[in-house]
Amino acid sequence: MLTVKDLKKSYKSGDVTVAAVNGISLSLKEGQFASIVGRSGSGKSTLLSLLGALDKPSSGQIFVDNQDITQLHDKDLIKYRCKTIGFVFQSYNLVPNLTALENVMLPMEFGGISKEDRHSRASLLLDQVGLSADKQTRKPARLSGGEQQRVAIARALANKPKLILADEPTGNLDSQTGTMIFDLLHNLSKSQNTTIIVVTHDNEIAGKTDKTFKLSDGKLITKKS
Amino acid sequence: MNPVSRGIRNAFRNTSRTFSIVIILGLSIGLALAMLVADQSVNNKINTVKASVGNTITVTPAGFSRFSSVNNSLTTSQLAPLSKLANVTGVEESFTDRLITIGSNTNLPFGNTKSSATTSLSSPVKLKAKAGRRFFYVGGGGANFSPANFSLPITFLATNNPNQINTGNLAIVSGKMINANLDDNQALVSQAMATKNNLKVGSTFTAYSTTLSVEGIFSNSTQSANNTVVVSLPTGQAISNKSGVVTSAVVYVNSLDNLASVTNAVKNKLGSAADVTSSQQQANQTVAPLDSVKSISLYSLIGAVIAGSLIILLTMVMIVRERTREIGVIKAIGASNGRISLQFMSEAVTLTLMGAVVGLIFAILAASPITHTLVNNSATSNRQFGFGGPGAAFRAAGPRFISGGRGAGGFLRDNFTNIHAAVGWSVLGFGLLSAIVIAVIGSAGVAYFISKIRPAVVMRTE
């Protein structure tokens, strides 16, 4: 489902060129739940942003369902992000003046789903992630961290993506809530056959995934499968 | 929810900031609308003045003065070609003189004191003056003083178009209009003249030692008209023994568009023998001071619209910079630049429409005071330079002075304070349009900033 070949991404920092991702190759099958671990600055988040087409690599290829997304034009990249990818961020990144329901409906609007369908599907997804109906009409500021992350997961699932990329989804949560969120993602990968990649510092979480990639200085140093 | 409704909702995201922006924008738009109202009001006044003076050209003998005893003159034969000029609808010719009442004391500072043109009529106009000082008409102030046996010289007007004088506040109240083409010694006198000299329709009096019959009596509220005897041009030329002599003419043109070309044609026909002035030229000279008001209002209008655009542009740039992360998130979940720009444009339009409402209220309250301040300042500064001068020249234009015409200069001067400044539908429409233009211009730059935000920013700011 996902194949990465010799992926590189470097930045100019003054006169120095920094190789954030330096020749990474990996592959994942459909429905696999993988984790990426590594210290700060090891290139985890950069790799995730390249996989999600948020940034363009300096070189290398990323195949998603046999399509090289590094060759896509901007318009197609927008479509790719909208239809194929679902993002979950560490600090949730919900739109603050929209309700939980409206936040989940947002990607569906970009995906061209009708208003009625958006509403019913968003409500269903929020039910699935365990957000009660009375909280669905609340704005993010009136939800707890765990609840906001549930909304973020529901938003990531909105357009039925093939690949969910989660950047330290439990990083801002207490261990109990973090475990609940991890279990939620794990169940989703199994029940909906969705490929999920989680960036995490938590070795316990990493140990529960199907595959774990460890990064150091932009390179893949170990791989557990 | 779509981008437009999200933009509208975002406009109220920070109420204190929204309030400040709306007030500042409102003042800017209000100033623009007030200036538009001033511009429209001044334009209307200029058009009114120009329309009121008509499509006419005044022709007088070169250097002619009504009160001079030594004057050049024109002749009917000189003026005859004018009626054949293209776009000329008529030529009104007149001969004016002053008649001395037989037996009266005429040793007065009016010139032409030894005129042989006499009449049996006495002037109905009484004088009021202080000894040794200038004379005033009754009602003009000063102590009663009349020289013994004094009668004001009577204006004698011979015209080929007596109907034209029957306009404004002049009307036949007894008898009928004289026939302009006949040398039949028939005359029109004012009610005041008739009362003073015990005249009725059919009564007779003398002028130039010739007996004239009263054909009609007209009413008029002006002293100059009350002091006038009107006859047909052939009668006037015959009894004054000045065959073919014309002291002024008015050429009528079919439209304002042709006024300038006909004026040039008349000048070419008459050469140095005549002074030729179009009414529009006089009106243009008279309303010239208002051009400064138009300029001020136009530049202020443009300035206010630019200021409004800058306000909303800077505001939107600030908002975009604030929401960089949020824009990155929206891009990351599949929004296009166009969709995000539409959302911010909708927010800008909402802010400017609210500003337009505030601006409209400001304009309703301030348009009239601003207009009058601009106009009064302009009028005051121009009066110091003899404002109304062209109107004075206009008064000498033949029979028109009878109908109380004070000239465009006097008209405008008197009506400067009557300029009507009101917010109409066109101003409302402009307010709406300017709000949209300001919003579009203001948010156009924002689209550029939005396109430059990369979705990866959401990862780097984690």
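From first to last, the protein sequence lines stand for chains A and B. Position 173 of the first sequence, counting from 1, maps to 168 under our numbering, and the rest follow consecutively. If you want our numbering, it's the 1-based position in the second sequence plus 3. Positions of the beta carbon are idealized from the N, C-alpha and C atoms, including for glycine.
Exercise for the section: Taking only the alpha-carbon atoms, compute the straight-line gap between A/Phe82 and B/Ile27 and give it to the nearest angstrom. Expected result: Residue 82 of chain A sits at position 87 when you count from the first residue of the first sequence. Residue 27 of chain B sits at position 24 when you count from the first residue of the second sequence. If I take the Cα positions, the gap works out to 40 Å.
Handout entry: Assigned secondary structure, B/Gln194 (DSSP; H/G/I helix, E/B strand, else coil)
Key = Against the second sequence, residue 194 of chain B aligns to sequence position 191. Helix.
Practice task
Anything in the stretch 313 to 339 of chain B with a Cβ closer than 9 Å to a Cβ of chain A? List those residues in chain order, please.
Solution key: Arg328, Glu329, Gly331, Val332, Ile333, Lys334, Ala335, Ile336, Gly337, Ala338, Ser339
Practice task
Go through the stretch 262 to 342 of chain B residue by residue and report every complete run of the beta strand (DSSP E) that reaches 3 residues or more, in order.
Solution key: 277 to 281
Practice task
List the residues that DSSP assigns as beta-bridge partners of B/Asp100.
Solution key: The sequence position of residue 100 of chain B within the second sequence is 97, counting from 1. DSSP output for B/Asp100 lists B/Phe159 as bridge partner(s).
Exercise for the section: Return no unless some Cβ of chain A is closer than 7 Å to the Cβ of B/Ala14. Expected result: Here residue 14 of chain B is taken as the residue at index 11 of the second sequence, counted from 1. No, no contact with chain A.
Practice task
Could you name the residues of the same chain whose beta carbon sits closer than 6 Å to that of B/Ala447, not counting the 5 residues immediately before and after it, in chain order?
Solution key: By one-based count along the second sequence, residue 447 of chain B stands at place 444. Here the set comprises nothing.
Handout entry: Cut-off 6 Å between Cβ atoms - residues of its own chain near A/Asp1, not counting five sequence neighbours on either side
Key = Residue mapping note: residue 1 of chain A aligns to position 6 of the first sequence, counting from 1. Same-chain partners within the cutoff: Gly18, Ser20, Gly55.
Handout entry: Rounded C-alpha distance that separates B/Tyr302 from B/Gly427
Key = The count along the second sequence starts at 1 and reaches residue 302 of chain B at position 299. The count along the second sequence starts at 1 and reaches residue 427 of chain B at position 424. If you take the alpha carbons of B/Tyr302 and B/Gly427, they lie about 21 Å apart.
Exercise for the section: Measure the alpha-carbon distance for A/Glu97 versus A/Thr65 and round it to whole angstroms. Expected result: Residue 97 of chain A sits at position 102 when you count from the first residue of the first sequence. Residue 65 of chain A sits at position 70 when you count from the first residue of the first sequence. Cα to Cα, A/Glu97 sits roughly 31 Å from A/Thr65.
Practice task
Put A/Phe208 into one of helix, strand or coil per three-state DSSP.
Solution key: As a working note, residue 208 of chain A is residue 213 in the first sequence. A/Phe208: strand per DSSP, three-state reduction.
Practice task
Please classify A/Pro156: does DSSP put it in a helix, a strand, or coil?
Solution key: As a position in the first sequence, residue 156 of chain A is number 161, starting the count at 1. A/Pro156 falls in the coil class under three-state DSSP.
Problem - Straight-line Cα distance separating B/Thr92 from B/Val269 - result: As a first step, residue 269 of chain B must be located in the second sequence, where it is residue number 266. As a first step, residue 92 of chain B must be located in the second sequence, where it is residue number 89. So the two alpha carbons sit approximately 13 Å from each other.
Practice task
Would you mind working out which of B/Leu356, B/Thr250, B/Leu313, B/Pro64 sits nearest B/Phe433, comparing C-alpha positions?
Solution key: On the second sequence, position 430 is the one that residue 433 of chain B refers to. Answer by Cα proximity: B/Leu356.
Practice task
Answer yes or no: does any C-beta atom of chain B fall closer than 7 Å to that of A/Gln56?
Solution key: Along the first sequence, one-based indexing puts residue 56 of chain A at 61. No, A/Gln56 does not count as interfacial toward chain B.
Problem - CB-CB length for A/Lys24 against A/Ala14, believed under 8 Å - result: As a working note, residue 24 of chain A is residue 29 in the first sequence. As a working note, residue 14 of chain A is residue 19 in the first sequence. Contact doesn't hold; Cβ gap of about 28 Å is too wide.
Handout entry: Environment of B/Pro393 [buried if 16+ CB atoms lie within 10 Å]
Key = Position 390 of the second sequence holds residue 393 of chain B. Confidence at B/Pro393 is low in this model, with a pLDDT of 32, below 50, so its placement is unreliable and no value can be given for it.
Handout entry: B/Ala438: first and last residue of the uninterrupted alpha helix (DSSP H) it sits in
Key = What you label residue 438 of chain B is simply residue 435 of the second sequence in a count that begins at 1. Note, B/Ala438: alpha helix (DSSP H), 428 to 455.
Problem - Unbroken beta strand (DSSP E) run spanning B/Pro64, endpoints - result: By one-based count along the second sequence, residue 64 of chain B stands at place 61. 59 to 64 is the extent of the beta strand (DSSP E) around B/Pro64.
Handout entry: chain B within 7 Å of A/Thr207, Cβ atoms only
Key = Numbered from 1 along the first sequence, position 212 holds the residue referred to as residue 207 of chain A. Chain B, which has no Cβ nearer than 7 Å to the Cβ of A/Thr207, makes this no.
Practice task
Scan the stretch 206 to 253 of chain B and note each continuous beta strand (DSSP E) run of 3 residues or more that stays entirely inside, going in chain order.
Solution key: 207 to 210, 213 to 222, 231 to 235
Exercise for the section: Take the Cβ of A/Ala136 as the centre, count every other Cβ of all protein chains shown within 10 Å, and call the residue buried at 16 or more, exposed below. Expected result: Along the first sequence, read from residue 1 onward, the residue named residue 136 of chain A stands at position 141. Classification for A/Ala136: exposed.
Problem - Cβ neighbours of A/Ser170 in the same chain (closer than 6 Å, five flanking residues each side left out) - result: Numbered from its first residue, the first sequence carries residue 170 of chain A at position 175. Closer than 6 Å at the Cβ level, and outside the excluded window around A/Ser170, lies no residue.
Handout entry: Burial state of A/Gln131 (16 or more Cβ within 10 Å)
Key = Here residue 131 of chain A corresponds to residue number 136 of the first sequence, with the count starting at 1. Under this definition A/Gln131 is a buried residue.
Practice task
Mind reading off the beta-carbon distance from B/Ser125 to B/Lys199? Whole number of angstroms is fine, and I expect it under 8 Å.
Solution key: Indexing the second sequence from 1 puts residue 125 of chain B at position 122. Indexing the second sequence from 1 puts residue 199 of chain B at position 196. With a Cβ gap of about 6 Å, B/Ser125 and B/Lys199 count as contacting.
Handout entry: Beta-carbon neighbours of A/Glu104, restricted to chain B and to distances below 8 Å
Key = On the first sequence, residue 104 of chain A is found 109 positions in, with the first residue counted as 1. Chain B residues near A/Glu104: Met4, Asn5.
Exercise for the section: For B/Ala37, collect the residues of the same chain with a Cβ closer than 8 Å to its Cβ; drop the 5 residues on either side in sequence, then sort them by chain order. Expected result: Against the second sequence, residue 37 of chain B aligns to sequence position 34. Phe365, Ala366, Ala369, Ala370, Ile373, Thr374, listed in sequence order.
Problem - Contact test: B/Asn244 Cβ vs the ligand COA heavy atom, cutoff 6 Å - result: This structure does not include the ligand COA; it has no bound ligands of any sort.
Exercise for the section: Could you give the DSSP three-state label for A/Leu138: helix, strand or coil? Expected result: As a first step, residue 138 of chain A is located in the first sequence; it is residue number 143 there, counting from the start. Reduced to three states, the DSSP call for A/Leu138 is coil.
Handout entry: chain B residues whose Cβ lies nearer than 9 Å to that of A/Leu49
Key = Residue 49 of chain A sits at position 54 when you count from the first residue of the first sequence. Here the neighbours are Gly331, Lys334, Ala335, Arg457, Pro458, Ala459, Val460, Val461, Met462.
Practice task
Go ahead and label A/Gln27 buried or exposed: buried means 16 or more other beta carbons lie within 10 angstroms of its beta carbon, across all protein chains shown.
Solution key: Sequence index remark: in the first sequence, residue 27 of chain A carries index 32 (1-based). So A/Gln27 ends up on the buried side.
Exercise for the section: Under 8 Å between beta-carbons, which chain E residues line up against A/Arg76? List them in chain order, please. Expected result: The chain labelled as chain E is not found among the protein chains of the depicted structure, namely A and B.
Practice task
Would you please verify whether the beta carbon of B/Glu465 is less than 7 Å from any beta carbon of chain A?
Solution key: Taking the second sequence and counting its residues from 1, the one referred to as residue 465 of chain B is at position 462. Model confidence at B/Glu465 stands at a pLDDT of 44, short of 50, so the residue's coordinates are unreliable; what they give is reported in the following sentence. Cβ-Cβ to chain A under 7 Å: yes for B/Glu465.
Exercise for the section: Name the two residues that bound the continuous beta strand (DSSP E) containing A/Ser40. Expected result: Within the first sequence, the letter at position 45 stands for residue 40 of chain A. Looking at the DSSP string, A/Ser40 is not in any beta strand (DSSP E); the run it does join, the alpha helix (DSSP H), is 39 to 46.
Handout entry: Under the three-state DSSP convention, the category A/Thr217 falls into
Key = Position 222 of the first sequence, counting from 1, holds the residue named residue 217 of chain A. The answer is strand: DSSP assigns A/Thr217 an E or B state.
Exercise for the section: Identify every residue that forms a DSSP beta bridge with A/Val194. Expected result: For this step, residue 194 of chain A is matched to residue 199 along the first sequence. BP columns for A/Val194 point to A/Ile31, A/Asp162.
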